[in-house]
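To keep things clear, I will list the structure first and then write my remarks on it.
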Amino acid sequence: MLSILGFIGCTAQNGSSIDSKEAYGLIKADSNIAILDVRTAKEFADGHVAGAVNIDVNQTDFAQKIDQLDRSKTYIVYCRSGRRSSKAVGIMATKGFKNLYNVSDGFLGWNKNGLPFVK
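Okay, so the sequence shown: first residue is 2 according to my numbering, each after it adds one.
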């Protein structure tokens, strides 16, 4: 548990990449972590991490929508494979978000690892 909390404090400020198993561990350890799914609405409807908020990174209003989010929170950001979430984390970092994690293996990794999700 201490290693997870240390991990949060030391690396999230730089927009770190973590895999789906690490993301699941962080979510279980801290109920205040926000989960951001940056896939399309259809992808989100087909299955997503419980508690995730869907804001499609490829929509023209993405930057406007994230401006409404609390910059003081820690965000775990994921997409299908890690590419779009990496883009989203970059945008969020330029807008002053400090505590960001990109799930490098995305929802594909989440499923491959047998982690729970909802529809």
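Built from N, CA and C at the ideal position, the CB exists for glycine as well. What you are looking at is a predicted structure, and each value in this text was computed from that prediction instead of being measured.
According to DSSP, what are the bridge partners of residue i?
i	result
Ala35	Tyr76
Ser18	Asn103
Val119	His49
If you measure from the beta carbon of residue i to each beta carbon in chain B, is any gap under 7 Å?
i	result
Arg85	The structure shown contains no chain B; it is built from a single protein chain.
With a threshold of 8 Å on Cβ separation, who are the neighbours of residue i within its own chain once the five nearest residues in sequence on each side are excluded?
i	result
Asp47	Lys120
Ala42	Asn55 and Asp57
Between the C-alpha atoms of residue i and residue j, what's the straight-line distance to the nearest angstrom?
i	j	result
Cys80	Gly52	15 Å
Lys66	Ile56	7 Å
Could you give the DSSP three-state label for residue i: helix, strand or coil?
i	result
Asn112	helix
Val54	strand
Lys29	helix
Arg85	helix
Using a Cβ-Cβ cutoff of less than 7 Å, which residues in the same chain neighbour residue i once the five nearest sequence positions on both sides are dropped?
i	result
Ala94	Gly16 and Leu101
Using a Cβ-Cβ cut-off of 6 Å (strictly less than) and excluding sequence neighbours within five positions of residue i, which residues of its own chain qualify?
i	result
Val58	Val39, Arg85, Lys88 and Ala89
Gln60	none
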